[in-house]
Amino acid sequence: MFRLRSETSRGMALSAPATLYVGFLVAAPLGILVAYSFWTQNYVSIDRTPTLSNYGFALNDPLVRHLLLKSIWIAGLCTIATVVLAYPIAYFIAMRARRKTLWLLLITIPFWTSYLLRVFSWKLILGFKGLMNSALISLGAIDQPLAFLLYNEFAVVLTLAHAWAPFAILPIYVSLQKMDRSLLEAATDLGCTGFQRFRRITLPLTFPGVIAACLIIFIPTVGDYVTPALVGGSEGKMISNLIQVQFGAANNWPLGATLSLIAMASVGLVATGFLFLANLARGTIR
Amino acid sequence: MTSHPIVELRGVEKRYGNLAAVSNLNLALSAGEFFSLLGPSGCGKTTALRIIAGFQEPTSGQVLIDGNDMADMPANRRPTNMVFQSYAIFPHLDVGKNVGFGLSNSGLSKAERDMRVAEALEMVELGDLEDRKSDALSGGQRQRVALARALVMRPKVLLLDEPLSALDKNLRETMQLELRRLQQSVGITFVMVTHDQYEAMTISDRIGVMFEGRLKQVDAPATLYAQPASREIAAFIGGMNFLAADVLSSGEKGLGVNIRGFGKFHIARNPKVSKHGERIEVGIRPEQIGISTAEEKSDMGIEAVVRDIAFYGESIHYHVIATAADAPLSVAVPNHFHSRDFARGDKVSLDIKSTSIIDLGTME
Chain R
1 MFRLRSETSR
11 GMALSAPATL
21 YVGFLVAAPL
31 GILVAYSFWT
41 QNYVSIDRTP
51 TLSNYGFALN
61 DPLVRHLLLK
71 SIWIAGLCTI
81 ATVVLAYPIA
91 YFIAMRARRK
101 TLWLLLITIP
111 FWTSYLLRVF
121 SWKLILGFKG
131 LMNSALISLG
141 AIDQPLAFLL
151 YNEFAVVLTL
161 AHAWAPFAIL
171 PIYVSLQKMD
181 RSLLEAATDL
191 GCTGFQRFRR
201 ITLPLTFPGV
211 IAACLIIFIP
221 TVGDYVTPAL
231 VGGSEGKMIS
241 NLIQVQFGAA
251 NNWPLGATLS
261 LIAMASVGLV
271 ATGFLFLANL
281 ARGTIR
Chain D
1 MTSHPIVELR
11 GVEKRYGNLA
21 AVSNLNLALS
31 AGEFFSLLGP
41 SGCGKTTALR
51 IIAGFQEPTS
61 GQVLIDGNDM
71 ADMPANRRPT
81 NMVFQSYAIF
91 PHLDVGKNVG
101 FGLSNSGLSK
111 AERDMRVAEA
121 LEMVELGDLE
131 DRKSDALSGG
141 QRQRVALARA
151 LVMRPKVLLL
161 DEPLSALDKN
171 LRETMQLELR
181 RLQQSVGITF
191 VMVTHDQYEA
201 MTISDRIGVM
211 FEGRLKQVDA
221 PATLYAQPAS
231 REIAAFIGGM
241 NFLAADVLSS
251 GEKGLGVNIR
261 GFGKFHIARN
271 PKVSKHGERI
281 EVGIRPEQIG
291 ISTAEEKSDM
301 GIEAVVRDIA
311 FYGESIHYHV
321 IATAADAPLS
331 VAVPNHFHSR
341 DFARGDKVSL
351 DIKSTSIIDL
361 GTME
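Chains as they are written, first to last, in the working numbering: chain R, 1 to 286; chain D, 1 to 364.
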């Protein structure tokens, strides 16, 4: 008995810092957010009478719906682009590269500079007088700078894909790395060509890594604020930009809180649906 | 019955830089044979197997299967199949899909494939496990699935890379017999790589012994045991006492030798050994030496003292010192429950018959 109690208290002592951290910095703010979403803004003061009016407004407002769907759309595009580009890189490092550690280090290089600077650098590359346009003009490929490079969905997807690529490469790399190589030889031995082997063994066995990569990228990019604000222009605006306005210029914190919660719920819903579909797909790609 | 060998290796060599994993490997296997490549780890036996399978390309030399040169034939198109050491069961597929994996590349109809899969599973006595998940299999069952998956392809040659090394001792012995039975019923040539001499001797028609990338001797198990071509082969296969002997007379069939401290013997000439100088090395298997009490010593008996005793259950090994020669010898006797046992320090008499002395040729 004594031993059991001491083990319990030791466990509690060990987890206390994390529990306090999560409690104060995640759970408490989230609670405040939920509380705010049921209040209303009264010009300068907050009316604390609980009401669903914020939700009623947000769910019926066409702008909110449009931005929410667009955020999911952009994040989805970005997820697909990143994973499709990341898979071959992860495959190369896991299966072909000799200096795996060096390659993995190179992959993390973008993290050595701040996220903000990386987004800005894309602005410099894609801008009207940016690197891309100057290069194309000096090469004689175009006469006038291309205006469609920056301030649109494409720019947002491109910037996000670049920023999040390592998060896709690493889980896929891990799942490739832990795959038993003799399985590949066995598949070859049983008559598979290289492509058949990839489709029947490598892809199904690394599927969990791909799913993980999708979720790791999709969930945070839906709510990304900096990238659409800097390179999205008016066309590339996302839900987080609207939320920011509520807490800033519009000074409507309750509505901002409501929008945040709706965005969170949507992401949760889409991610769950995605996992469900992924499970179905897993059964069929055998 | 084809007249040409089913597998033929001609001067096969595999080098990694300056290191030769396999050198000048020449081998011809006949159809329906159970052949084992035996050797210590790192001797190149697995490399040789992988060269036959097509997973590794020989640096030079030729691999022929059923008379066809395999030089430009990739592994996936060779008429060989392999049972991997780790079994390499596809974890995302059930037993039936694992076994049927290779058939879906074959262009057979679904009904035909299902029939072949059922047949193969029946063959390895897993008929009722077709829908079992592959992670719910025991070691022995995984081994059977790996066998069925390869046999279902009806290869001309089945390659087995240490197929039993992952199993515990009892299961391994059962599987040895079963592997042999299976091979005889399907009639396919089996090539097995193993480091376990007993396993190789139990199952094989012929054994090829490899050391340091070279094939040293190819013979039937009994020949290998009775007429090893060198000291290292004699030492690797079974236990062996080594003694030096002077050649007194040399005939076509036999040699007259004097083993110092043991006396003169007329022994058979070992046809597998090439060189015979004035001094040769002879070997005596521990179980070929008789042991009795010193009082029972016959005229031919050799005096010795027991130094150590190792009890193996079915047999007892006495480590003795032959007094006159001051030579350590190992003597193995079957454990007859009523026989006399000897204790450490006992004086004993050894009985060595000249027919059990093996000529190992000139001392290296």
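Beta carbons are placed, not taken as given, at the ideal position from N, Cα and C, and that holds for glycine. As the structure is a computational prediction, the values presented were derived from the model and not from experiment.
- Near chain D, meaning a CB-to-CB distance below 9 Å, the residues of the region 191 to 203 of chain R are G191, C192, T193, G194, Q196, R197, R200, I201.
- When C-beta distances to chain D are compared with 8 Å, the residues of the region 168 to 183 of chain R below that value are D180, S182, L183, in chain order.
- Listed along chain R, the residues sitting closer than 8 Å to D:A53 by beta-carbon distance are D189.
- When the beta-carbon positions are compared, D:G44 and D:G213 come within less than 8 Å of each other.
- In this model, D:K169 and D:D196 are separated by some 12 Å (Cα to Cα).
- Cβ proximity to chain R below 9 Å picks out T80, N81, M82, F84, Q85, S86, Y87, A88, I89, F90, P91, H92, L93, K97, F101, G102, L103, S104, N105, S106 from the region 79 to 110 of chain D.
- Contact note: D:M153 reaches chain R through L190, G191, using a C-beta cutoff of 8 Å and chain order.
- Under DSSP, D:L64 shares a beta bridge with D:E8, D:D69.
- For D:A71, no CB of chain R lies under 8 Å from its own CB, so it is not counted at the interface with that chain.
- Against chain R, the CB of D:A75 has a partner CB under 8 Å away; the residue lies at that interface.
- Boundaries around D:Q183 are those of the alpha helix (DSSP H), 169 to 186, since no beta strand (DSSP E) includes it.
- R:H66 and R:M238 have their C-alpha atoms spaced approximately 9 Å apart.
- Around R:T108, the same chain offers P166 as residues with beta carbons nearer than 7 Å, after the five sequence neighbours per side are excluded.
- Proximity to D:Q183 across D:F242, D:I233, D:F262, D:L151 peaks at D:L151, based on C-alpha coordinates.
- Listed along chain D are F90, P91, H92, each with a C-beta nearer than 9 Å to that of R:L205.
- Taking the CA atoms as reference points, D:A245 sits about 11 Å from D:L255.
- Taking 8 Å as the CB threshold, R:A186 lines the interface with chain D.
- For D:V83 against D:R132, the beta-carbon gap comes to about 19 Å, at or over 8 Å, which does not count as contact.
- Inter-residue distance for D:E314 and R:A213 is about 59 Å (C-alpha atoms, whole angstroms).
- In the three-state DSSP reduction, R:V64 falls in the helix class (H, G or I).
- Contact check for D:V145 against D:L158 fails: the beta carbons are separated by 8 Å or more.
- Between the region 202 to 210 of chain R and the region 165 to 182 of chain R there are three or more inter-stretch CB-CB distances shorter than 8 Å, so the stretches are counted as touching.
- Counting other Cβ atoms within 10 Å of its Cβ, D:P334 stays below 16 and is therefore classed as exposed.
- DSSP places R:Y151 in the coil class of the three-state scheme, outside both helix and strand.
- CA-CA distance, D:Y312 to D:E303, rounds to 24 Å.
- The shortest CA-to-CA distance from R:T113 to any of R:G76, R:A97, R:A257, R:A163 is the one to R:A163.
- Within the DSSP bridge table, the entry for D:P334 names D:S315 as partners.
- Of the other Cβ atoms in all chains shown, 16 or more fall within 10 Å of the Cβ of D:N270; this residue is therefore buried.
- In the DSSP assignment, R:I46 is bridged to R:Q41.
- At a Cβ-Cβ threshold of 8 Å, R:N241 and R:Y225 count as neighbours.
- With respect to the 8 Å criterion, D:F236 and D:E281 are not classified as neighbours on the basis of their beta carbons.
- In terms of Cβ geometry, D:K14 and D:Q56 form a close pair [threshold 8 Å].
- DSSP links D:M210 through a beta bridge to D:L215.
- R:V267 counts as buried, since at least 16 other C-beta atoms from the protein chains shown sit within 10 angstroms of its C-beta.
- A direct Cα-Cα distance of roughly 34 Å separates R:T82 from R:Y55.
- For the pair D:Y318 and D:L103, the Cα-to-Cα distance works out to about 56 Å.
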